[in-house]
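Numbering (the UniProt record's numbering), first residue to last: 1 to 252.
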């Protein structure tokens, strides 16, 4: 028998939610059963005939048993007992929390199955958020998993080497080098100019002079032409060649 047929054939709310006995059920168990069965018979997820009617019947049963007062009244009506069941410790805590909250307003009309399911999903999200905020910072991690990891390899360098490098002042050296290199890079971006002398000096030029004729020329080209074509230069060379012999005669 499928869940749709079982729910449609169930005679009371307890059997609809999958409980075998007619007795007081914890609200957490009611929510758990409704959450599981709603996924199976929801019309959007179940294409079986009668799924919509089964989902409506399941939602009505959940709305009755999810409220402690409504469940007690329904249990007394089904069993014929006028004595209300004794609530458990968990139900006492939930009831005590409800007293501090504002009482919900009673609906003027019965809610549809979709409204009941949507409200259930919102409550599930609210409880999950509250549970996370309550226990999110109290998680215990298994430390045995860390023991299974292989040990880290020893460092390549010794501790003395590391201490020596850290004490060598590399940061200061690097800062000085960056200060030294920065203006150099700045100068490379600008067009190169010859360095200016600290004291003004006369420009150094090589003079083109004829020592034989004792004359100065504008350039070496003029000097070469003078030595090649000048008759005066030729006479002066001849005189200079004879001068050593005459000097020797005078000394003798």
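From the three backbone atoms N, C-alpha and C, an ideal C-beta is built for every residue, glycine too.
None of these values were measured; they are calculated from a predicted model.
Beta-ladder partner(s) of residue i, from DSSP
i	result
residue 208	217
6 angstroms CB neighbourhood of residue i in its chain, flanking five on each side removed
i	result
residue 48	4
residue 30	65 and 66
residue 14	22
residue 12	78
residue 218	none
residue 74	64
residue 110	none
Classification of residue i by the beta-carbon crowding that lies within 10 angstroms, buried from 16 upward
i	result
residue 132	exposed
residue 220	exposed
residue 78	exposed
residue 161	exposed
residue 118	exposed
residue 28	exposed
residue 113	buried
residue 1	exposed
Own chain partners of residue i with C-beta closer than 8 angstroms, once the 5 adjacent residues on each side are dropped
i	result
residue 294	Nothing in the structure corresponds to residue 294, since the chain is present only between 1 and 252.
residue 233	210, 212, 213, 226 and 227
residue 207	216
residue 37	3, 7, 17, 18 and 58
residue 125	none
Supposed contact pair residue j and residue i - C-beta distance, whole angstroms, cut 8 angstroms
i	j	result
residue 16	residue 76	No, residue 16 and residue 76 are not in contact; Cβ-Cβ is about 18 angstroms, not under 8 angstroms.
residue 71	residue 34	With 8 angstroms as the limit, residue 71 and residue 34 do not qualify as a contact, their Cβ atoms being about 13 angstroms apart.
residue 116	residue 68	With 8 angstroms as the limit, residue 116 and residue 68 do not qualify as a contact, their Cβ atoms being about 17 angstroms apart.
7 angstroms Cβ shell around residue i - same chain, five flanking residues per side excluded
i	result
residue 39	45
residue 240	212
residue 222	208
residue 237	212
residue 41	3, 4, 7, 51, 54, 55 and 58
Contact with chain D by residue i, beta-carbon distance below 9 angstroms
i	result
residue 227	Looking for chain D here will not work: only one protein chain is present.
Evaluate contact between the region 18-28 and the region 52-61, counting only Cβ atoms and requiring at least three cross-stretch pairs below 8 angstroms. no
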